[in-house]
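Here's the structure, in C-alpha cells; my notes come after.
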Amino acid sequence: MQTRKQIFLQGVKAGIPIGLGYFAVSFSLGILAKSIGMTPFQAALMSLLNNASAGEYMGLTMIAAQATLGEMALATLITNARYLLMSCAMSQRMDPKTPFIHRLLMSFDITDEIFGATIARPGYLSPWYMYGAMVPAIPGWTVGTALGTLAGSILPLRVVSAFSVALYGMFIAIFIPPARKEKPVALLVVLAFALSFAFSRLPVVSDLSDGTRTIILTVILAAGAAVLFPRKDEEEEAA
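Each number in my numbering comes from the position in the sequence shown (counting from 1) with 13 added on.
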C-alpha cells in the first residue's frame, strides 16, 4: 500500500506538464488583463483564486464590455458549469469516509486537466494525489498571468497585440478537434458565429449589452444542443 507521500509525489509529477501548459496560456491571459487596466498584482490574485481559463477570460471580457456584476456572475456560472459535473463525478469515486475538509480543498482546483489526471487513477480518489498536482499547476497559472501583465506594460503595443491573439488561438484549439469529430459540435460553432453577428445587428437585441447578449446566446445554444443532440449513456452506446 502506498504512503501519502508517495501518492503526493506522483501527483506532483503529473502536475508538472499541466503547470507548464498553464504558464503558457495564462501569459496571454495576463496581457488581456493589462489591456483592460489591471495591475500585475490584481491579475495574479485573480488567477490564484480562480483557476479557470474560460471563466477568467469571460470575466475579463465582461469587464471590458462594462457589464454589470449580475451579468458577470451569471455568465461566469454558465461558462464554468461543467465543473459542477466534474465535482459530481469525483464525489462518486471518493472514499465515503473522506473528511469534509479534504473534499472542500479538492473542489478549489477542479480544472479540466487536473480532473482528467485524477479521475483516471483506479480505485478511490486520493486527495493527496490531487494536492500534488496542484503544487506546480497553481503557481504556473498565477505566475504566468502576472508575467503576462508585466509584459503588457513593457512590450511595444504591436507585440502585445500579437501575444493577445494566442488566447483566441487557445479557444480555437479547444473547439476545433471535437468539431472535426462530431457534426453537431461543428454546427453549433457555425451557429454561434452567425447568431453572434446577427445579435449585434438586429434591432432591440443589439441594444443589449455585450454581456447580456453572450448569456442569451450561450443559454439558447446549450439548451438547443441538449434537446436536439442528447448524449447517450455509455451502456446505451455499447449495446
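Positions of the beta carbon are idealized from the N, C-alpha and C atoms, including for glycine.
Other residues of its chain near residue i: CB distance less than 7 Å, five sequence neighbours each side excluded
i	result
Ser-139	Ile-20
Thr-231	Ile-91
Glu-69	Leu-42, Met-59, Ser-60 and Asn-63
Lys-110	none
Leu-9	Outside the modelled stretch of the chain, which goes from 14 to 252, sits residue 9, for which no answer is possible.
Pro-243	none
Ala-159	Gly-43, Pro-53, Ala-56 and Ala-57
Met-71	Ala-88, Thr-89 and Thr-92
Ile-49	Leu-73, Ile-76 and Ala-77
Gln-254	This structure cannot speak to residue 254, because the chain is shown only from 14 to 252.
Chain-order list of residues whose beta-carbon lies under 8 Å from that of residue i (same chain, five-residue window excluded)
i	result
Gly-28	Ile-127, Ala-130, Gly-145, Ala-146, Met-147, Val-148, Pro-149 and Ala-150
Met-143	Gly-24, Met-119, Asp-122, Ile-127 and Thr-131
Arg-134	Tyr-142
Leu-234	Leu-201, Leu-204, Ala-205 and Leu-208
His-115	Pro-140
Pro-197	Ala-238, Leu-241 and Phe-242
Beta-carbon proximity of residue i to residue j, cut-off 7 Å
i	j	result
Thr-155	Ser-41	no
Ser-39	Gly-157	yes
Ile-228	Leu-87	yes
Pro-53	Leu-163	yes
Val-218	Phe-212	yes
Ala-56	Ala-46	yes
Tyr-35	Gly-136	no
Residues of its chain near residue i, where Cβ-Cβ distance is below 6 Å and the 5 sequence neighbours each way are ignored
i	result
Ala-199	Ala-192
Gly-32	Pro-149, Ala-150 and Gly-153
Thr-124	Asn-64
Arg-17	Trp-141
Tyr-96	Ile-123
Interface flag, residue i vs chain D, CB-CB below 7 Å
i	result
Ala-239	Among the chains in the structure shown there is no chain D, since it carries only a single protein chain.
For the stretch 74-158, which segments carrying the alpha helix (DSSP H) assignment without a break, of at least 4 residues, lie completely within its bounds, in sequence order? DSSP runs (the alpha helix (DSSP H)) wholly in the stretch 74-158: 82-92, 95-104, 113-121 and 125-132.
At least three beta-carbon pairs within less than 8 Å, the stretch 66-84 to the stretch 103-120: Cβ pair count under 8 Å is below three, so no.
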